[in-house]
Amino acid sequence: MPKIGDIELPDFPLLLAPMEDVSDPPFRALCKEQGADVVYTEFISSEGLIRDAAKSTMKLDIYEKERPVGIQIFGANLDSMLQSIDIVEKSKPDIIDINFGCPVKKVVSKNAGAGILRDIPLMVKLTEEMVKRTSLPITVKTRLGWDSDSIKIVEVAERLQDVGIKAIAIHGRTRVQMYKGDANWKPIAEVKNNSRMHIPVFGNGDIDSPEAAMRMRDDFGLDGAMIGRASIGYPWFFKEVKHFFKTGEHCAPPTMEERVTAARRHLQMSIDWKGEKLGVFETRRHYTNYFKGIPNFKEYRMKMVTSDESADVFAAFDEVLEKFGDYQFV
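Position 259, counted from 1, in the sequence shown is what the UniProt record's numbering calls 259; the numbers after and before it change by one each time, with no gaps.
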C-alpha cells in the first residue's frame, strides 16, 4: 500500500488533480463522495499568498470531510515559497504540493510551474529548502521535461526524492506539448522502475476511462492515478474506476436525476463559498460534462452557461429534469 509520509493510502489510490478554478471545495467535496482518495486544492501563487491577495488566500480553505487534502503552491522565488509554506501550514493541510508542471504562459514566464524544468538545479534547491521548512510531507507534480529533447524525468525524480519529497505525480507530456497529442506514460514507468526510487509515483494525463486507469496500474506498474480533466463535471469517474477494478465491469452511469441533483448541489455550494457572481460563473465549465450526450440539449446548456443569475440556472435544471428525466445514459 502506498504512503505519503505517514498517510496510508489504499492500493492504487485515485487523486483529484489540482486544477485552477476547478478543484475548489465544492467540487472536491463531490469527488470525495464519489471515491477520490486524495484531493488537492487549486494551485496557489506563492507571491499572491505573501501579498495576502484575496483570491490566493481564499484557496486555502479546506474542510475535515475532504482529508487527506493537499494544498498546492507555485512560484520560483525561494524566499516567497518559504514564506508561503509558513502561511499554508496555518490551514493545517495533510500535504503541501509544489507545482512544477503548469504549462500556461503567465506562470512559465516567471520561471514557475513547468518553467522551472529549464533549471533543474533551481528546482531541486527550492524543493530541498521547502522540505526543510516544514514537518508536513512535501510532494511534487511535474511534467516529463521542457521539450522532447530535455526529458530527464528519471534523474529529476530521483534528485527530488533525495532531498526529501514523499511522492511525485508526473504528467506524461512536456511543457511544449501543453495538452496536445497523447500522454506518454513510458517515462513515468521508468521512474517507478528505477531501483533507487522508494516513494510513490503517480501517473497523470489521458486517464479518461476505467480501462486507461487499469492500464496505468497493470501495464505500467504505477502506484496510483491523478485524475484531472476526466473528472470535470463528472465526479462519478472515481467511483466508476473503482467499480471496474473490483468487478471488471462498468457500473451504470448516473441517472438524469442524479446529475441534476449533483449539478444543483455543486452550484449551491459554490455560491455559499464564493458568492453569487463567482459561484455562478466558475461552475459553468462543469455543465457540458454533467449533461454530455443528450440530444437536442443546446438550448438548455446555453441557459446554464450564459445566465448570470443563479435562479435562472436552477430553473434550467428543473426544465432539464422535466423534459429529459427519462433519458437513458449509456
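From the three backbone atoms N, C-alpha and C, an ideal C-beta is built for every residue, glycine too.
Note that the coordinates shown come from a computational prediction; the quantities given were computed from them, not determined experimentally.
Tell me, please, which residues DSSP counts as bridged to Ile-73. Mapped onto the sequence shown, residue 73 falls at position 73. DSSP lists Ile-44, Ile-98 as partners of Ile-73.
Identify, in the order they occur along the chain, each residue of the same chain with its Cβ nearer than 6 Å to the Cβ of Met-304, setting aside the five sequence neighbours on each side. In the sequence shown, counting from the first residue as 1, residue 304 sits at position 304. For Met-304, where only same-chain residues beyond five positions count, the Cβ hits under 6 Å are Tyr-287, Val-313, Ala-316.
Determine the closest residue to Ser-56 out of Lys-65, Ser-46, Tyr-63, Ala-183, with distance taken between C-alpha atoms. Taking the first residue of the sequence shown as position 1, residue 56 is located at position 56. The residue with the shortest Cα to Cα distance from Ser-56 is Ser-46.
Can you give, in chain order, each stretch of the beta strand (DSSP E) that sits fully within the stretch 91-155 and has at least 3 residues? List check, beta strand (DSSP E) in window: 95-100, 138-143.
Is the number of C-beta pairs between the stretch 127-135 and the stretch 73-85 that are closer than 8 Å three or more? yes
If contact is defined by three or more beta carbon pairs under 8 Å, each pair taking one atom from either stretch, is the stretch 270-288 in contact with the stretch 237-247? Too few Cβ pairs lie closer than 8 Å, so no.
Excluding the five sequence neighbours on either side, which residues of its own chain have a C-beta within less than 6 Å of the C-beta of Ile-87, listed in chain order? Within the sequence shown, numbered from 1, the residue matching residue 87 stands at position 87. Cβ within range, chain order: Leu-49.
With burial defined as no fewer than 16 other Cβ atoms inside 10 Å of the residue's Cβ, what is the status of Gly-181: buried or exposed? Working through the sequence shown from its first residue, we reach residue 181 at position 181. When all chains shown are included, Gly-181 counts as exposed.
As a quick exercise: from Phe-12, Tyr-300, Glu-8, pick the residue whose alpha carbon is nearest that of Phe-220. Your numbering for residue 220 matches position 220 in the sequence shown. That would be Phe-12, whose Cα lies nearest to the Cα of Phe-220.
Which residues share a DSSP beta bridge with Gly-203? Start at 1 with the first residue of the sequence shown, and residue 203 comes out as number 203. Its beta-bridge partners are Ile-170, Ala-225.
Can you tell me the Cβ-Cβ gap for Lys-239 and Gly-35, rounded? I've got them flagged as a contact below 8 Å. By 1-based counting over the sequence shown, the position of residue 239 is 239. By 1-based counting over the sequence shown, the position of residue 35 is 35. About 5 Å separates the two Cβ atoms, so the contact holds.
Pair within 7 Å by beta-carbon distance, Asn-99 and Phe-74: Counting from 1 along the sequence shown, the entry for residue 99 is found at position 99. Counting from 1 along the sequence shown, the entry for residue 74 is found at position 74. Going by C-beta atoms, Asn-99 is nearer than 7 Å to Phe-74.
Which first and last residues belong to the alpha helix (DSSP H) in which Leu-82 is found? The residue labelled residue 82 in the question sits at position 82 within the sequence shown. Here the alpha helix (DSSP H) through Leu-82 covers 78-89.
Tell me whether Leu-9 sits in a helix, a strand or coil according to DSSP, three-state version. Position 9 of the sequence shown, counting from 1, holds the residue named residue 9. In the structure shown, Leu-9 sits in coil (DSSP, three-state: anything other than H, G, I, E or B).
Tell me Leu-30's beta-bridge partners as DSSP assigns them. Here residue 30 refers to the residue found at position 30 of the sequence shown. Note: Leu-30 sits in no beta bridge, so no partner.
Suppose you measure from the CA of Gly-233 to the CA of Ile-168; what does that come to, to the nearest Å? As a first step, residue 233 is located in the sequence shown; it is residue number 233 there, counting from the start. As a first step, residue 168 is located in the sequence shown; it is residue number 168 there, counting from the start. Rounded to the nearest angstrom, the two C-alpha atoms are 26 Å apart.
Distance CB(Arg-175)-CB(Arg-143) smaller than 7 Å: Position 175 of the sequence shown holds residue 175. Position 143 of the sequence shown holds residue 143. Yes, the pair counts as a contact, with Cβ atoms nearer than the cut-off.
Provide the residue(s) that pair with Val-38 in DSSP beta bridges, ordered along the chain. Mapped onto the sequence shown, residue 38 falls at position 38. Beta-bridge pairing links Val-38 to Leu-15.
C-alpha distance - Met-125 paired with Ile-4, whole-angstrom precision: Translated into the one-based positions of the sequence shown, residue 125 becomes position 125. Translated into the one-based positions of the sequence shown, residue 4 becomes position 4. It should be pointed out that residue 125 corresponds to Lys in this sequence rather than to Met. The straight-line gap from Cα to Cα measures roughly 21 Å.
If you draw a straight line from the C-alpha of Asn-184 to the C-alpha of Asp-218, how long is it? Walking along the sequence shown from the start, residue 184 turns up at place 184. Walking along the sequence shown from the start, residue 218 turns up at place 218. Computed Cα separation, rounded: 16 Å.
Let me know if Asn-193 comes out buried or exposed under the rule of 16 or more other beta-carbons within 10 Å of its beta-carbon. Here residue 193 corresponds to residue number 193 of the sequence shown, with the count starting at 1. Counting Cβ neighbours within 10 Å, Asn-193 comes out exposed, since fewer than 16 surround it.
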